[in-house]
Amino acid sequence: MELRIDFPKMPAGKGLDTMRAELDSVLGDDGWLLGSGQDGEHGYVELELEDEKMNPKYGIMAVKAYLQRAGFDAETTMELNGAVVGIFE
């Protein structure tokens, strides 16, 4: 199951490589990076969440909690199966 994160800007002092490493740590064996990019301040990260051995909602909740704790902008969104939600919704 693919999850896309779109962010308007990175939190202060954080870079895309740091975000990718932190997401990798948060997901462990339950997901992996598919792609990422940044144009100016705006960027995205695409993840694949493992859904065969566990319920993907735990991965979704872990990613959402990470984005909130890391200080991402309130306009950061997550897209899953065409549904877009804010990280504070």
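-8 is the number of the first residue of the sequence shown in my numbering; add one for each residue after it.
Using N, Cα and C, we set each Cβ at its ideal position, and we do this for glycine too.
- Around the beta carbon of residue 79, fewer than 16 other beta carbons sit within 10 angstroms, so the residue counts as exposed.
- A residue is called buried when at least 16 other Cβ atoms come within 10 angstroms of its Cβ; residue 25 does not meet this threshold and is exposed.
- When only Cα atoms are considered, residue 13 and residue 49 end up about 16 Å apart.
- Between residue 70 and residue -5, the CB-CB gap stays under 9 Å.
- Residue -7 is bridged by DSSP to 39.
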